[in-house]
Amino acid sequence: MKKSFPRSAISTASLSLLALGCSLAQAQTAAPSLKEITVTGNPLGTTDLIAPATQYSGTALLLRSKTTLGETLDGTPGVSSTYFGPNASRPVIRGLDGDRIRILANGGGSLDASSLSYDHAVTSDPLSIERIEVLRGPGALLYGGSAVGGVVNVIDNRIPREAQFDEKGGISGKMDVNAASGNAERGKAALLETGTNRYSLHVDAFDRQTGDVKAPVDLACTKDGITTTARRICNSASNVSGGAVGGSVFFDHGYLGASANTYRSTYGTVAEDNVTIGMKSDRYAIEGEVRDLNGPLQSIKGQYSQTDYRHTEFEGANPGTVFKNQGSDFRLEARHARIGKLDGVLGFQTESNRFSADGAEAFAPHSKTSQSAVIAYEELGTSWGKLSAGGRLESVKVESLGNPLVPRFTPATRDFKPGSYALGALWNAAPNWQITSNLAYTERAPKDYELFANGPHIATAAYEVGNANLGKEQSGNLDVGAAWKSGGHSFKINTYVSQFKNYIALNQTPGVTRNAEDGALNPVEDPGNPGFTASGAEFKPLAQFQYEQVRARFTGIEASGNIRLREAASTLDLALRGDMVRATNLSNGLPLPRIAPWRVGASLLWASGPWGATVGFDHLAAQSRVPTPPVGETGAYTLWNTAATYRVKAGAATLQWYARLDNITNKLAYSATSVLTSTAFPKAPLPGRSLKVGLQVAF
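Just so it is clear: in the sequence shown, position 672 is 1265 by the working numbering, and no numbers are missing.
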């Protein structure tokens, strides 16, 4: 695996403009193959959603796109990022992260190892995405216990679901090239589709090379025993590439399609100056639907995917720990015929995966997890709105297979029967007004690492110990929202509370350390051999953290709005947003770690013919509400951003030039939701000022 990176750069990971491009997006529709309707958490395809959801596509997605999924969505009301530098971050929704946030690919399972550790990247690159949908709040009903905090659905057209061309056939495509100044990113992507009204073929490819990211302050970097300082985040370079082929056959009442895609990434981990990760993932999917059936069933849709994921952690040029995750996901949904005003779906889902970690930093055993579930979801139309109800029953089996080379891992098996239930209501309270409410009870089966971990996790500076006696994580969740829209004016607000009976937390064991080399508990150095344990292993103490179940509560509020300041040949809008979440460990009264502070922001958006521009700021308050101050505390900061677009026709093609300037004032800022801020590692700041320019061609 090649370890050197070309001198190029990464697009900045500063907080993105909230609602950026909302007005600009009106000038550019989404790809014709994709419906505008939100599909995530919406099995009946209705236009009015009860659950709070946000989607990005077209220009709005283009202007907020960063190098990771987490940073791309960061700043959406209710959504922040785990930010392990510019190469690895997952979305945090309403204070919940990891295996409480489900990341999907076209509604199906997306398998990787990103939820296992903060330095593991998501195998999805924004260059290849056509639309992202975010469901805030429990999605466990449709997507399982790992969606108790929310769902992020990454949507592309690799399996076309509708014919784009007539019987004569046609061809369409899109190309994008871009570069960034502050870190000299070089990215390019291309997509091509062709077909008739009976078939469609799709191919895409992307590539991005980056170098170390510029920072507003001098940072130390130690490689090969030599320490230097520079205004760059050490070991933050990356090289990402991938692509896919897919196609579908259409018949009178449905379609059948398949796709194969690959993802490759080599990137530095900012917590360890000399460690890089070489990652690869191959995913194969089949999908089909039969519609307009006569009888008790109106339509039947099926999805199957299989993923082969692997990454190797290199120390310099030497391969170290190897992580593998292989699995499959199958989903079948049947929509029944309407019974009066009652409409609904029944579903069945199975998922299985085999995980292994081999090497010095294998903190979890080889394992196998399998689950199956039945789902029912119903909506009842009324004169004033609609009601919804549903349930999900699961059977989950988690097996530790041990590790033939690591005796501290022992085989064991746990079985769980989670159940989740939800009620919802939407009330058209007055012209232009909607009130929504969701009440959910969810259960989540513990993950393999939560049950059986036993080893050093260097990325988080911890020795993690699982708890094989963990029970199902149970929570009650209430969400109440209101929305108003009149012309170019709009406003949305949601308040929520989630109460966990037995939240699974990773807590430090006071006064207990383990040796990183052999796991010895509170090791005593051999007096005759200083610096080593009595067993001969080098003495490298790590604080012990163990998975425990505690009572916990999350409460918060999210709001966004748009004020149309000018309505004429050119439009001027003021976009407003803000959110706050408070999370408490009720068992000891302390705050839960890595929670975003309250945030507010505003943007002016101007559009006139082919031109569009926006300028705005995001202000984050100081976060002093942490479990072990001053570790984890962050100061307040404000980030300013601006962007501009210009569209022009060139024959059959449409050219869109775009530019985005992030962190205009080069403000030094640290993320409160990053584990890098709450450990003994040197803090990795958010990136400094960066100008990104690009050209997108569509035909």
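Cβ atoms here follow ideal geometry from the backbone N, Cα and C, with glycine treated the same way. Here the structure is a predicted model, which is why all the values come from computation and not from measurement.
Next on the checklist: For Tyr1251, report the span of its beta strand (DSSP E) as first-last.
Outcome noted: Ala1246 to Asp1255
Checklist entry - Under the DSSP definition of a beta bridge, which residues are partnered with Ser981? => result In the DSSP secondary-structure assignment, Ser981 is bridged to Glu972 and Gly1017.
Checklist entry - Taking contact to mean at least 3 C-beta pairs separated by less than 8 Å, is the region 1008-1020 in contact with the region 1097-1115? => result no
Next on the checklist: Please classify Val1058 as buried or exposed, where buried requires at least 16 neighbouring CB atoms within 10 angstroms.
Outcome noted: buried
Item to check | Status (buried if at least 16 other CB within 10 Å, exposed otherwise) for Ile722 | outcome: By the neighbour-count criterion, in which 16 or more other beta carbons inside 10 Å mark a residue as buried, Ile722 falls on the buried side.
Item to check | Which listed residue (Ala1200, Asp1172 and Ala1195) has its alpha carbon closest to that of Ser1163 | outcome: Taking only the C-alpha atoms, the option nearest Ser1163 is Ala1200.
Next on the checklist: Alpha carbons only, please: which of Tyr860, Gly940 and Asp936 is nearest the one belonging to His1297?
Outcome noted: Here the chain has residues from 594 to 1292 only, and residue 1297 is not among them.
Next on the checklist: As an exercise, report each continuous beta strand (DSSP E) stretch of at least 3 residues that is fully enclosed by the region 794-847, in chain order.
Outcome noted: 807-816, 819-825 and 831-844
Item to check | Gly702 versus Ala1252, Phe923, Leu1248 and Ser1153, residue with shortest Cα-Cα distance | outcome: Phe923
Item to check | the region 727-735 touching the region 997-1007, judged by at least three CB pairs closer than 8 Å | outcome: no
Checklist entry - Under 8 Å, do Asp769 and Gln1216 count as touching if we go by C-beta distance? => result no
Checklist entry - Where Thr1247 and Ala1152 are concerned, what is the direct C-alpha to C-alpha distance, given to the nearest angstrom? => result 35 Å
Checklist entry - Which of helix, strand or coil does DSSP assign to Gln1289? => result The answer is strand: DSSP assigns Gln1289 an E or B state.
Checklist entry - Any Cβ of chain D within less than 8 Å of the Cβ of Arg1144? => result Protein chains in the displayed structure number just one, and chain D is not present.
Checklist entry - How far does the beta strand (DSSP E) with Phe1293 in it reach, from first residue to last? => result A question about residue 1293 goes unanswered here, because the residues of the chain that appear run from 594 up to 1292.
Item to check | Straight-line Cα distance separating Tyr711 from Val1268 | outcome: 8 Å
Item to check | Own chain, CB closer than 7 Å to Phe758, minus 5 neighbours either side, in chain order | outcome: Gly788, Thr789 and Asn790
Checklist entry - Taking the alpha-carbon positions, what's the Glu972 to Cys827 distance? => result 52 Å
Item to check | Where the beta strand (DSSP E) containing Glu755 begins and where it ends | outcome: Looking at the DSSP string, Glu755 is not in any beta strand (DSSP E), and its letter there is neither H nor E.
Item to check | Endpoints, beta strand (DSSP E) assigned at Arg729 | outcome: Arg724 to Arg729
Item to check | Nearest neighbour of Ala681, chosen from Arg824, Phe956, Val833 and Arg1282 [CA to CA] | outcome: Val833
Checklist entry - Is it a yes or a no for the region 876-891 touching the region 681-691, going by three-plus beta-carbon pairs under 8 Å? => result no
Item to check | Range covered by the alpha helix (DSSP H) that runs through Phe1045 | outcome: Asp1041 to Phe1045
Checklist entry - Which value, in whole angstroms, describes the spacing of the CA atoms of Pro1280 and Ser1091? => result Going by the C-alpha atoms only, they are around 33 Å apart.
Item to check | Distance between Val744 and Ala1265 (C-alpha atoms, nearest Å) | outcome: Approximately 22 Å, taken between the alpha carbons.
Checklist entry - According to DSSP, which residues form a beta bridge with Thr1307? => result Here the chain comprises residues numbered 594 to 1292, so residue 1307 is not present and cannot be evaluated.
Next on the checklist: If contact is defined by three or more beta carbon pairs under 8 Å, each pair taking one atom from either stretch, is the region 1134-1153 in contact with the region 1166-1180?
Outcome noted: yes
Checklist entry - So is Asp667 buried or exposed if we call it buried at 16+ other beta carbons inside 10 Å? => result buried
Next on the checklist: Can you look up Leu1279 in the DSSP assignment and give me helix, strand or coil?
Outcome noted: coil
Checklist entry - Could you check where the alpha helix (DSSP H) with Arg693 kicks off and where it finishes? => result Premise fails: Arg693 is in no alpha helix (DSSP H) and is neither H nor E.
Checklist entry - Do Gly651 and Arg683 have their CB atoms nearer than 8 Å? => result Between Gly651 and Arg683, the C-beta gap is not smaller than 8 Å, which leaves the two residues out of contact.
Checklist entry - From Gly937 to Ser981, what does the alpha carbon distance come to, in whole angstroms? => result 9 Å
Item to check | Every unbroken beta strand (DSSP E) within the region 1182-1241, with a cutoff of 3 residues, ordered by chain | outcome: 1192-1201 and 1204-1213
Checklist entry - Could you give the C-beta distance for Ile630 and Asn699, rounded to a whole number, given that I count them as a contact under 8 Å? => result Contact doesn't hold; Cβ gap of about 15 Å is too wide.
Next on the checklist: Residues in the same chain with beta-carbon distance under 6 Å from Phe916, minus the five sequence neighbours each way, listed in chain order, please.
Outcome noted: By the criterion of a C-beta distance shorter than 6 Å, Phe916 is surrounded in its chain by Ala706, His904 and Ala950, once the five residues flanking it on both sides are discounted.
Checklist entry - Ordered along the chain, which non-local residues of its own chain (more than five positions away) have a Cβ less than 7 Å from that of Phe1210? => result Gly1194, Ala1195, Thr1231, Leu1232 and Trp1233
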